[in-house]
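Each remark here refers to the structure printed beneath this line.
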Amino acid sequence: MSDRKNKSVKWAEPPKLGLVEAMYLPAILEGVSTTVKHIFKPKMTRQYPEVEPQIPGNYRGVHRLNRDEKGRVKCVACFLCQTACPANCITIEAAPAPHDDPQWADRDKYPATFVIDELRCIYCGMCEEACPVDAIELTSIYDLTGKSREEMIFDKDKLLSVFDETVHSGKDPVRTHRGALGPASEFNPGASSAPPPPGGGLRG
Amino acid sequence: MSWSVIWPLLVAMGIVLAVVPVVGLYMTFFERKIAAYIQDRLGPNRVGPKGILQAVADGIKIFLKEQLVPDHVFKKIYFVAPTIGLICAMLSIAVVPYGPAPPTPSQSFRAIIAPGVEIGLLFLLGISGLAAYGIVLGGWASNNKYSLFGAVRACAQFISYEIPLGLSLLGVIVWAGSLNIEQIVASQGEGIGNWNVWWQPLAALMFFVAGLAETNRLPFDLAECEQELVGGFHTEYSGIKFVLFFLAEYTHMVTLSFLVVLLFFGGWHFPGLTGPVDATVGGYLLRWFVLLFKVGLVVALIMQLRWTLPRFRFDQLMGLAWKGLIPLGVLNLIGLVVIFSMGWSKWWLAPISLMALIGAAFVNAKMVAQRFSGSTSDQWSVGSFAGGGQTS
């Protein structure tokens, strides 16, 4: 069916089989020596539960809700993360900030509830990108487990406790620096007197 | 039969029946370890110190598994088949000494179930040929196309490789003048120079290759190759019935390793270990250790080969037997018989083996060269894209 006269086809000759190759044994011995060498090579296995992997800083793991310098939740209940979320796993209920409390004098709104369904989340990080006040962040916690579905629905307290656990561990510093509290939080322009954060405020 | 004759048999049988399943389980563990080390992993190391209880855990798991019987199988044969496979595998051990067994009756314990069987090797070949029944029946009773394919392949493979297996053994039998395995081992007793492997290297190689094919292990495991046939003949088997097939395969592997050592590598003999086998208890145990050590090396080599060589294609498998091993075996046997009957020096044996091997390689190289040249239709073509945009 094939025709050697067809010049548009380039014919490749298989390499010639020498006497040694045709005996097959040298090749088999070579293969065995390769596998024997591998037996004595250092092993690649990481003994996982004892030796934990180095998680890169931009890993997208379990969420946390950051606190501001007064210890309040940074979130201003703007619903941007809930809107951005492609998996609809964030549910926020906003409430007006208590004006009679001097602690909350500079805030207009705050989240009365803030619930993330960790099972529904796809860990895309779009909430983190959408947040104008650096309130929601993904941490490098990669081994989240639970015994029930209810346990995996994180409310505001749980998310704040994740912040408390991770922020001083060294692995998860606050990694977004949009502003001291972000422009969206400015209930009273000029009232915010917090110094600009390291990194130069607004992200280019 | 007096009681003094019966009790050594019972002890020997008890040892085999008790040790073989445990050895089978632990061989899976060592196989996993070797596989892991070859692939730069650590392998099972969690159950017990260094993972040595993994085999026990696997055993418990597989005994507690659900006995799943598909609706479409032929029930009776389906249940009988793995048993046949294991019975044949265990029966073939009966004539294989698993420890020092002098050919003449002696005071010490002879580590063999049936000592002094004059047709030992013949019995062995016959029984190991029967082992194909277990696989064929299992594949057929599963009533599943893949299983049947596996069974048919196993059948063809067993028939093909019985011949080189027998041919390679004939040389040993002719040279030792006996079919009795103890006798053959005893004939290699006078030092390392008497081991059959130096005199009949080609027969040793052929026996190992053909035996590997008989045990259905890689690179000859076409009857159960996962990529083509799901699981082959044991696709429909689960739990304890699968274990029986599995155990049969490993038992065959152990038997093969024992035979390679006993027939070609001097059995329990080793330089420095001279005199009668049972002169002292220490010497007896040392010989036992030597034999098991050699067998362990062969088992390790078999496992090593599994992770070294890729699986054969089926036509290559058949080609190796019918175009390679059988002509070679016949040539080797003719050379040996001529030397033997002419009364020539036995120093001719190894050179003739080597010449046969080189001749076969020469013919093979010629055949391959012929296949790829001239007018045959299976030429390799590379499309014009390989010409760097050059068209004429």
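Protein sequences appear in the order of chains A and B.
Going by my numbering, the first residue of the first sequence is number 73, and it counts up by one from there.
Going by my numbering, the first residue of the second sequence is number 135, and it counts up by one from there.
Note that beta-carbon positions come from the ideal geometry of N, C-alpha and C, so glycine has one too.
None of the values given here were measured: they were computed from a predicted structure.
Opposing strand residues paired with residue i [DSSP bridges]
i, result
"T349 of chain B", "Paired residue(s): none; T349 of chain B is not in a bridge."
"R136 of chain A", "A:E209"
"D189 of chain A", "A:I225"
"F543 of chain B", "The structure shown does not extend to residue 543 of chain B, since chain B spans only 135 to 526, so no value can be given for it."
"V306 of chain B", "V306 of chain B is not bridged to any residue."
"V145 of chain A", "A:R139"
Three-way DSSP call (helix, strand, coil) for residue i in this model
i, result
"E165 of chain A", "strand"
"P461 of chain B", "helix"
"P485 of chain B", "helix"
"P183 of chain B", "helix"
"Y160 of chain B", "helix"
"Y280 of chain B", "helix"
"P183 of chain A", "strand"
"V203 of chain B", "coil"
"S80 of chain A", "coil"
"F243 of chain B", "coil"
"N160 of chain A", "coil"
"A265 of chain B", "helix"
"P255 of chain A", "Unreliable positioning characterises P255 of chain A in this predicted model, as indicated by a pLDDT of 48, which lies under 50. The coordinate reading is nonetheless provided below. Residue state, collapsed to three classes: helix."
"I243 of chain A", "Looking at the sequence itself, residue 243 of chain A is Lys, so the reference to Ile does not match. If DSSP states are grouped into helix, strand and coil, K243 of chain A belongs with coil."
"S294 of chain B", "helix"
"G130 of chain A", "Note that residue 130 of chain A is Asn in the sequence shown, not Gly. Coil at N130 of chain A, not helix or strand."
8 Å contact criterion, which residue i and residue j should meet: CB distance rounded
i, j, result
"F226 of chain A", "E190 of chain A", "6 Å"
"I111 of chain A", "Y171 of chain B", "4 Å"
"R445 of chain B", "L390 of chain B", "Contact flag wrong, Cβ pair sits at about 18 Å."
"P405 of chain B", "G323 of chain B", "Not a contact, Cβ separation roughly 11 Å."
"P236 of chain B", "W422 of chain B", "With a Cβ gap of about 13 Å, P236 of chain B and W422 of chain B do not count as contacting."
"M340 of chain B", "L459 of chain B", "5 Å"
"F399 of chain B", "V331 of chain B", "6 Å"
"R351 of chain B", "M387 of chain B", "6 Å"
"S262 of chain B", "V207 of chain B", "Wrong, their Cβ atoms sit about 26 Å apart, outside the cutoff."
Endpoints, alpha helix (DSSP H) assigned at residue i
i, result
"H386 of chain B", "G373 to F398"
"L451 of chain B", "F448 to G453"
"Q317 of chain B", "I315 to S321"
"H110 of chain A", "L97 to I111"
"Q173 of chain B", "Note, Q173 of chain B: premise wrong, no alpha helix (DSSP H); not H, not E."
"F197 of chain B", "Q188 to F197"
"V354 of chain B", "Residue identity check: residue 354 of chain B is Phe in the sequence provided, not Val. Counting along the chain, F354 of chain B falls outside any alpha helix (DSSP H), and DSSP gives it neither H nor E."
"T217 of chain B", "K209 to I227"
"F423 of chain B", "V415 to R440"
"Q361 of chain B", "E360 to L363"
"V92 of chain A", "L91 to A94"
"C199 of chain A", "M198 to A202"
"W333 of chain B", "N330 to W333"
Proximal chain E residues relative to residue i, where beta-carbon distance stays under 7 Å
i, result
"A499 of chain B", "In summary, chain E is missing from the structure at hand, where the protein chains are A and B."
Open item on the list: What are the residues in the stretch 159-175 of chain A lying within 7 Å of chain B by C-beta distance?
Closed with: none
Open item on the list: Give me the subset of the stretch 293-313 of chain B whose CB atoms are less than 9 Å from a CB atom of chain A, sorted by chain position.
Closed with: none
Task: Cβ-based contacts, 7 Å cut-off: residues of the stretch 114-144 of chain A near chain B - done: K115, M116 and T117
Task: chain B contacts made by the stretch 82-96 of chain A, where a contact means CB separation under 9 Å - done: K82, W83, A84, E85, P86, K88, L89, G90, L91, V92, E93, A94, M95 and Y96
- [ ] Quick one: which residues of the stretch 170-199 of chain B get their C-beta closer than 9 Å to a C-beta of chain A? List them in chain order.
- [x] A170, Y171, I172, Q173, D174, R175, L176, G177 and N179
TODO: Check distances from the C-beta atoms of the stretch 350-362 of chain B to those of chain A and list, in chain order, the residues that come in under 7 Å.
DONE: none
Open item on the list: Please identify, using Cβ separations under 9 Å, the residues of the stretch 435-452 of chain B that lie next to chain A, in order along the chain.
Closed with: L435, Q438, L439, W441, T442 and L443
TODO: Mind checking the stretch 476-496 of chain B against chain A and listing, in chain order, the residues whose C-beta falls within less than 9 Å of any C-beta there?
DONE: L491, I492, A494, A495 and F496
Task: Residues of the stretch 201-217 of chain A whose Cβ lies closer than 7 Å to any Cβ of chain B, in chain order - done: none
- [ ] Could you please tell me which residues of the stretch 98-111 of chain A, in chain order, have their CB closer than 8 Å to any CB of chain B?
- [x] I100, G103, V104, T106, T107, V108, H110 and I111
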